[in-house]
Structures are given as structure tokens and as C-alpha cells.
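Position 97 of the sequence shown, counted from 1, bears residue number 97 in UniProt numbering, the numbering being contiguous throughout.
Just so you know, even glycine gets a beta-carbon here, dropped at the ideal spot from N, CA and C.
See structure below.
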Amino acid sequence: MGKFLHTSMVLTASFAWVGIAGCSNETAESTTPASEVAADSNLEKPQATEPAATEPAADQPSSTIELTEGEWSDVEEYVAAQKGKVVVVDLWSTSCLPCMTEFPHLVELHEKYGDDIVCMSFNLDYAGIKSKPPSYYRPRVEEFLQSRKAEFRNIMSTVDAIEVFDQLKMNSIPAVLVYGKDGKLAKRFDDTLLQDGEEEAFTYKDDINPFVQSLME
Numbered sequence: 001m002g003k004f005l006h007t008s009m010v011l012t013a014s015f016a017w018v019g020i021a022g023c024s025n026e027t028a029e030s031t032t033p034a035s036e037v038a039a040d041s042n043l044e045k046p047q048a049t050e051p052a053a054t055e056p057a058a059d060q061p062s063s064t065i066e067l068t069e070g071e072w073s074d075v076e077e078y079v080a081a082q083k084g085k086v087v088v089v090d091l092w093s094t095s096c097l098p099c100m101t102e103f104p105h106l107v108e109l110h111e112k113y114g115d116d117i118v119c120m121s122f123n124l125d126y127a128g129i130k131s132k133p134p135s136y137y138r139p140r141v142e143e144f145l146q147s148r149k150a151e152f153r154n155i156m157s158t159v160d161a162i163e164v165f166d167q168l169k170m171n172s173i174p175a176v177l178v179y180g181k182d183g184k185l186a187k188r189f190d191d192t193l194l195q196d197g198e199e200e201a202f203t204y205k206d207d208i209n210p211f212v213q214s215l216m217e
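Below, the structure written as C-alpha cells:
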């Protein structure tokens, strides 16, 4: 699979997809209707309208994925409990096309090395809008995870995604954090890997998988 395309773009609080770039934590002028802005007047960050959450089809099989709500500290706690194994944490959003394009390769990694490594995902759909709590996004997040058979630990952030970006000093997603068997962060795959003038970042096939394998040796 080709590498992610990274171009300059603006991240609204809902990670609205623009062109073919990753999703950044920069803010833009809000496109939220005036009525919603009034309802959420206590928000400091500009917000964008969200596509309506979709309910899973009636004939869709029961979900076998695990999706809990939590904060980044829950990810850290889970990673700390996996000492002795390599841990791969994928940060993603359903509004980030590169995230969803590469996500199946996280599933492949889990299926291939599930006994030796731990895979998990941290979803960043929640944008901090009062009228759209994490539960608003849950149906579409679950639907995506189910369609990709993501049968590992999945956490949906209950904290505004921009705050998570600030906490991790991260500019954009997709991003993947790989922890060694000692529980310490071994490498972070995100836009900080880009060199001046480059538009390509990383992929599981060319970058993450080889690195994970090196930690398993």
C-alpha cells in the first residue's frame, strides 16, 4: 500500500476531512449552525457540523469488538499492564481517510502476531461539542470497527480530540505509538517523521511492521 499523503490542512474540532491530507489540530472558522453555537456557547474552540450518526443495519451481526470510553490515561494504564509484550497503539478517527485506509493493517498485525504483541486503538471522533457527547459517535465507530473485525482493545476518547493532541504534543493523525516489552515508548509514527519537502510519512507495511518485528527479536 502506498504511503500516507500529508499536505497542509486545517483540523476543525470534528476532524473534517479536507482533500487527501492527514487530520491536524489547527482550528478553522466554524461552520456550525448558529442555533447549535448558541446551545454550546460555553465552548471556546470553533466547531464544525458533523455528519449524522448512522445506526447499524438491522441484519448486521452482533458486534464482537470491544469498545470502551476513556481517556489517554486509560491507554497508558493498559500499556503498563502488558509488560513483556510489544504494544501497538493506533490513534484514528472516522473523519480521517488515511487513518481508515491503514487501519486494516493494524488488524492484520494483530491476527499475525496476536500471541506475541498487543494491538489496540484509540478513537478521536469526539470533538467536545456538548450536544454531541461520545455516545453520539459510538454507532459509526462501532460499525467501522466491526466491519474491520478489530477484535482487540478499542477505546473511544471522552476528551476533546484537540486536548488529546495538545497532551501528546501531536499535530495530526494518523499516528501510531509502539511500546517495547519494557513498557516504554519505543517509537512514535506521526508527522514528526516528515523531512522538509516530503509529503509521505509511514505505512504499516514499510515502517511499522518491520519495527515491531525488530522489537520481537
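query = Just the Cα atoms here: how many angstroms apart are residue 106 and residue 170?
reply = 20 Å
request  = Within the same chain, show all residues whose beta-carbon is closer than 6 Å to that of residue 175, passing over the 5 residues directly before and after it, in chain order.
outcome  = 91, 190
query = Which stretch, first to last residue, makes up the beta strand (DSSP E) that contains residue 68?
reply = 66-70
request  = Figure out for me which residue from 98, 122, 83 has the closest Cα to the Cα of residue 74.
outcome  = 122
query = What's the C-alpha gap between residue 115 and residue 161?
reply = 31 Å
request  = Report buried or exposed for residue 214, applying the criterion of at least 16 other Cβ atoms within 10 angstroms of its Cβ.
outcome  = exposed
ask   = Given a threshold of 16 other Cβ atoms within 10 Å of its Cβ, counted over all protein chains shown, does residue 232 qualify as buried or as exposed?
value = The structure shown has nothing for residue 232, since the chain only spans 1 to 217.
task = For residue 102, count neighbouring Cβ atoms within 10 angstroms of its own Cβ and tell me buried if that reaches 16, exposed if not.
result = buried
inquiry  = Pull the bridge partners of residue 121 from the DSSP assignment, please.
reply    = 90, 154
ask   = For residue 126, does the three-state DSSP call read helix, strand or coil?
value = coil
key: Contact set for residue 183: own chain, Cβ-Cβ below 6 Å, skip 5 residues either direction   = 80, 83
inquiry  = Once DSSP output is grouped into helix, strand and coil, what is the label at residue 107?
reply    = helix
Buried versus exposed call for residue 132 [16 or more other C-beta atoms within 10 Å across all chains shown] = buried
message = For residue 99 and residue 85, what's the separation of their Cα atoms in angstroms?
response = 24 Å
task = Find out if the Cβ-Cβ distance for the pair residue 208, residue 150 is shorter than 9 Å.
result = no
request  = Keeping to the same chain, check which residues put their C-beta closer than 6 Å to that of residue 69; ignore five residues upstream and five downstream.
outcome  = 134, 156, 158
Straight-line Cα distance separating residue 120 from residue 87 = 8 Å
ask   = In terms of residue numbering, what span does the beta strand (DSSP E) encompassing residue 137 cover?
value = No beta strand (DSSP E) holds residue 137; the alpha helix (DSSP H) holding it covers 134-147.
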